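Chains as they are written, first to last, in the numbering used here: chain A, 1 to 63; chain B, 1 to 177.
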């Protein structure tokens, strides 16, 4: 369960890094520390939310 | 229980979107700053103060060799020109000048750096002896960002990261996993 959240958060941070670099490479915005931290942290949180379990625990087997 | 989890999930996602948007909004440059009295600098003859906005940077070609010049109000002993890339800074040029000189002129071969990356950079020049600091935004053009080292790394990170997020989302959506 926790693994999904960690995977989501780390993947989000990596995606944020990539997007920040691409924005700089395509001359949309200059790459600043604030942009890096904002996108990596922000998308890390989005990834954490996406990895959050959306169902309750598995139902117990019928007795 | 499920509703509470969903609310928490949505709250975390919204916080993430907010942080990302804030990062993008605040990443814009500060307004042009007044330079020190008597300090001037140019890139290929263009005053660096004309390029202190990311919306109107000084544009240079990826294959060009640019001339960087600086002038101080008093004698200088040397100069340094740095390129900023996020939290990292690289030395583009540095050197010493003859005793009593108040200015410097140097050249930077953009092609040496363009294979690693193009796009927007903050370039800072400073003089030693009589201290002057000038900066500007430079946009390196004339080469596809996807053919540079930084462009390839950025693309791989973005695609891999989004794929990982999707995998986490799919796994989290499976009942009882």
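Every residue, glycine too, gets a C-beta built ideally from N, C-alpha and C.
Nothing here was measured: the structure is a model prediction, and the numbers come from that model.
Nonlocal neighbours in the same chain, by C-beta distance under 6 Å from residue i, ignoring five residues either side
i, result
"residue 48 of chain B", "41, 134, 136"
"residue 44 of chain B", "66, 67"
"residue 142 of chain B", "61, 62"
"residue 107 of chain B", "65, 67"
"residue 38 of chain B", "73"
"residue 125 of chain B", "41, 70, 81, 134"
"residue 89 of chain B", "82"
"residue 35 of chain A", "20"
"residue 12 of chain A", "43, 44, 46, 47"
"residue 121 of chain B", "83, 138"
"residue 17 of chain A", "40"
Interface partners of residue i on chain B, CB under 7 Å
i, result
"residue 4 of chain A", "168, 171, 172"
Within chain A, partners of residue i - CB distance below 9 Å
i, result
"residue 80 of chain B", "The premise fails here: residue 80 of chain B is roughly 20 Å from chain A at the closest Cβ pair, so nothing lies under 9 Å."
"residue 148 of chain B", "25"
"residue 161 of chain B", "10, 11, 12, 13, 14, 15, 16, 17, 18, 19, 43, 47"
"residue 131 of chain B", "In chain order: nothing, as chain A lies at least about 24 Å away."
Classification of residue i by the beta-carbon crowding that lies within 10 angstroms, buried from 16 upward
i, result
"residue 146 of chain B", "exposed"
"residue 97 of chain B", "buried"
"residue 34 of chain B", "For residue 34 of chain B, the predicted structure reports a pLDDT of 46, less than 50, and the residue's modelled location is therefore unreliable. The matter cannot be settled from this model."
"residue 127 of chain B", "buried"
"residue 79 of chain B", "buried"
"residue 5 of chain A", "buried"
"residue 148 of chain B", "buried"
"residue 56 of chain B", "exposed"
"residue 3 of chain A", "exposed"
"residue 156 of chain B", "exposed"
Beta-carbon neighbours of residue i, restricted to chain A and to distances below 8 Å
i, result
"residue 137 of chain B", "30"
"residue 110 of chain B", "Going along chain A, no residue has its Cβ under 8 Å from residue 110 of chain B, so there is no contact; the nearest lies around 14 Å."
"residue 97 of chain B", "Neighbours of residue 97 of chain B on chain A: none; closest Cβ ~29 Å, over 8 Å."
8 Å CB neighbourhood of residue i in its chain, flanking five on each side removed
i, result
"residue 31 of chain A", "20, 21, 23, 24"
"residue 9 of chain A", "44, 45, 47, 48, 51"
"residue 95 of chain B", "78, 79, 104, 106"
"residue 163 of chain B", "none"
"residue 116 of chain B", "148, 149, 150"
Within-7 Å CB hit, residue i to chain A
i, result
"residue 85 of chain B", "yes"
"residue 64 of chain B", "no"
"residue 120 of chain B", "yes"
"residue 31 of chain B", "Confidence in residue 31 of chain B is poor, its pLDDT being 44 and thus under 50, which makes the residue's placement too unreliable to answer from."
"residue 158 of chain B", "yes"
"residue 54 of chain B", "yes"
"residue 125 of chain B", "no"
"residue 164 of chain B", "yes"
"residue 48 of chain B", "no"
"residue 60 of chain B", "no"
"residue 75 of chain B", "no"
"residue 34 of chain B", "Residue confidence is low: residue 34 of chain B scores 46 on pLDDT, short of 50, so the model does not pin down where it sits. No coordinate-derived value is stated."
"residue 12 of chain B", "yes"
Same chain, Cβ closer than 7 Å to residue i, five either side skipped, listed in chain order
i, result
"residue 7 of chain A", "51"
"residue 109 of chain B", "65"
"residue 75 of chain B", "100, 101, 102, 129, 130"
Chain-ordered chain A contacts of residue i [CB-CB under 7 Å]
i, result
"residue 153 of chain B", "21"
"residue 117 of chain B", "25"
"residue 68 of chain B", "Those within 7 Å of residue 68 of chain B in chain A number zero; the least Cβ separation is about 18 Å."
Residue i Cβ short of 6 Å to the ligand FAD heavy atom set
i, result
"residue 12 of chain B", "Judged by which ligands are present, the structure shown has none, so any question about the ligand FAD falls away."
Cutoff 7 Å: residue i Cβ touching any chain E Cβ
i, result
"residue 81 of chain B", "Here chain E cannot be found, since the structure's protein chains are A and B."
Kindly provide the ranges of any beta strand (DSSP E) runs that are 3 or more residues long and lie completely inside the stretch 77-114 of chain B, ordered along the chain.
-> 78-85, 88-96, 103-109
Entirely enclosed beta strand (DSSP E) segments - the stretch 129-153 of chain B, minimum 3 residues | As summarised for the stretch 129-153 of chain B, the continuous beta strand (DSSP E) elements at least 3 residues long and confined to that stretch are 132-141, given in chain order.
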